[in-house]
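According to the working numbering, the sequence shown is numbered sequentially starting from 15. Notes follow the structure.
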Amino acid sequence: MFLFFLAVIFMPLFLPEAAENATPLNDFTRFANYAMWGLWFPLVFISVIFTGRSWCGIFCPMGAASEWANKKGLQRPIPAWVRWEGTPIISFLLITLLGQTVGVRDHPEAVAEVFGGTLLLAILLGFVYGRNKRAWCRHMCPIGLLLGVFSRIGAVQFAPKRKKPGGDRFTEKGVCPTMIDIPRKEESRHCIECFRCVNPHSRGGLYLRLRPPGEEIAQIRRHHPNPYEVVFLFMGTGIALGGFLWLVLPQYQQLRQAVGSWFIGHGWYWIGESGPWWLMSVHPERREVFNWLDFSMIVGFMLAVMLLLSLVLSLTTGLSAWLAGRLGAGRGLVERFVELGYQYAPVAMVSLVLGLGGELFAPLITLGLSDAMVGLLKGGLFCLGLLWSLYLGRQILLNQGLCGAGLWVPLLPGVTGSMLVGLAWWPAIFGI
15 MFLFFLAVIF MPLFLPEAAE NATPLNDFTR FANYAMWGLW FPLVFISVIF TGRSWCGIFC
75 PMGAASEWAN KKGLQRPIPA WVRWEGTPII SFLLITLLGQ TVGVRDHPEA VAEVFGGTLL
135 LAILLGFVYG RNKRAWCRHM CPIGLLLGVF SRIGAVQFAP KRKKPGGDRF TEKGVCPTMI
195 DIPRKEESRH CIECFRCVNP HSRGGLYLRL RPPGEEIAQI RRHHPNPYEV VFLFMGTGIA
255 LGGFLWLVLP QYQQLRQAVG SWFIGHGWYW IGESGPWWLM SVHPERREVF NWLDFSMIVG
315 FMLAVMLLLS LVLSLTTGLS AWLAGRLGAG RGLVERFVEL GYQYAPVAMV SLVLGLGGEL
375 FAPLITLGLS DAMVGLLKGG LFCLGLLWSL YLGRQILLNQ GLCGAGLWVP LLPGVTGSML
435 VGLAWWPAIF GI
């Protein structure tokens, strides 16, 4: 897997430019691009539902390389700034923004920079920090954070055979490479399913348990709900949405033109100059050269969409939490808010797969399906995600102590939030 990963991200750099009519079947550069964005990206997310974070523990070359470097490295204590739960959120946002400005979905040089650079960071972090552990996987991996949130809706759980009270804890002792206190394990997000803690003949450790998909979120109160996860769920969905919308919305181009004209009108001509290749796409041979206007507009637009969607979901979730309290739900407003924030996980995951993993559906058109049929299929998948989010929201409210007709009143804002997410991703599902 490691050698295949290196080939996919680096070999296209040394190959001739792909012909315009080249396909993944006759050109390795096209194959590498489709393998990355048409197969790996969407299928890894889908696999979380069935097998949890098995990609991280069994297949991921970055995590394996980081752990190998850790065994050879300095093995210093993991500092507080790495262990801070906001660190992987910042990592995800920076990587996502950089990927958009350098054109990671279109240019092999950008793939090598983003994924090769991430691999290098994983190795360096592993070399310096931790003792026979995967500090990268738990604390800084941007993909791991995303998969960790969605692993809560998965059908696989590694549960303690002899559970100790006290809730989840961080510990650098024991066999767990992501530093889970195994006897106290309650949540799935940090478990990379490496199977090191699974021994059928042992009285301790963990055992593999199959569960209904979404059970952990439906009973999130018993599985260590985390406000940082909810913040990331809102912000991650928003910035991914922004990264798609700037490519397809004519309103973005109109705004870009207006902003560029304003700068030129004030004599700030530097806005039209191109910047460094590692910060923005500079590929004249492929007729794409970004300038500082493009860079600023892409970053600003994505951040604005992220903040707007986060605000909308915060308002709908806050209203649900407040209404639930008025109708007799237990615990405080903040606790109810965090628990209800998880209801958007299914619709957010489906939106990411449909929007950013749309290449997965390209072969269906090649096989003869019309665009309308593919759009109908995408719409059906989104409706499943929407209904799943609705169901999880209902279950969370039930576990907060609500029942009867009053249950639907605080559920309505959550439905509204999920519908707004779907409306925002409409261009990805059906086109503009």
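We treat Cβ as the ideally placed atom computed from N, Cα and C, and that holds for glycine. All values derive from a computational prediction rather than experimental measurement.
With a cut-off of 8 Å on the beta carbons, I'd call residue 161 and residue 69 a contact; round off their distance for me.
7 Å
Can you tell me whether residue 40 is buried or exposed? The criterion is at least 16 other CB atoms within 10 Å of its CB, across all chains shown.
exposed
Could you give the DSSP three-state label for residue 263: helix, strand or coil?
coil
Rounded to a whole number of angstroms, what is the C-alpha to C-alpha distance between residue 18 and residue 300?
26 Å
Out of 199, 174, 198 and 383, which one is the CA nearest neighbour of residue 453?
Nothing can be reported for residue 453, as the shown portion of the chain is limited to 15 through 446.
Under three-state DSSP, which class holds residue 243?
helix
Please report the Cβ distance between residue 428 and residue 337, rounded to the nearest whole angstrom; I am assuming they are in contact, meaning their Cβ atoms lie under 8 Å.
Not confirmed; about 10 Å, so no contact.
Contact defined as beta carbons within less than 8 Å: I believe residue 192 pairs with residue 206. What is the distance between those atoms, to the nearest angstrom?
6 Å
What span of residues does the beta strand (DSSP E) with residue 21 cover, start to end?
Counting along the chain, residue 21 falls outside any beta strand (DSSP E), though it belongs to the alpha helix (DSSP H) covering 16 to 24.
Where residue 303 falls, given that 16 or more other Cβ within 10 Å makes a residue buried
exposed
Since residue 124 is in the alpha helix (DSSP H), which residue starts that stretch and which ends it?
122 to 142
Spell out the partners DSSP gives residue 35 in its beta bridges.
Residue 35 pairs with nothing; no bridge assigned.
Have a look at the DSSP bridge pairing and note the partners of residue 184.
194
Give the straight-line distance between the Cα atoms of residue 410 and residue 33, rounded to the nearest whole angstrom.
52 Å
Taking the CB atoms as reference points, tell me whether residue 170 and residue 23 lie closer together than 7 Å.
no
May I ask which residues mark the beginning and end of the alpha helix (DSSP H) holding residue 102?
101 to 116
As assigned by DSSP and simplified to three states, the class of residue 47
helix
Distance between residue 83 and residue 27 (C-alpha atoms, nearest Å):
26 Å
So, helix, strand or coil for residue 287, using DSSP?
coil
Looking only at its own chain, which residues have a Cβ that is under 7 Å from the Cβ of residue 67, when we skip the five neighbours before and after it?
161, 162, 165, 205, 206 and 207
Distance between residue 333 and residue 9 (C-alpha atoms, nearest Å):
Past the edges of the chain, shown from 15 to 446, lies residue 9, and the structure says nothing about it.
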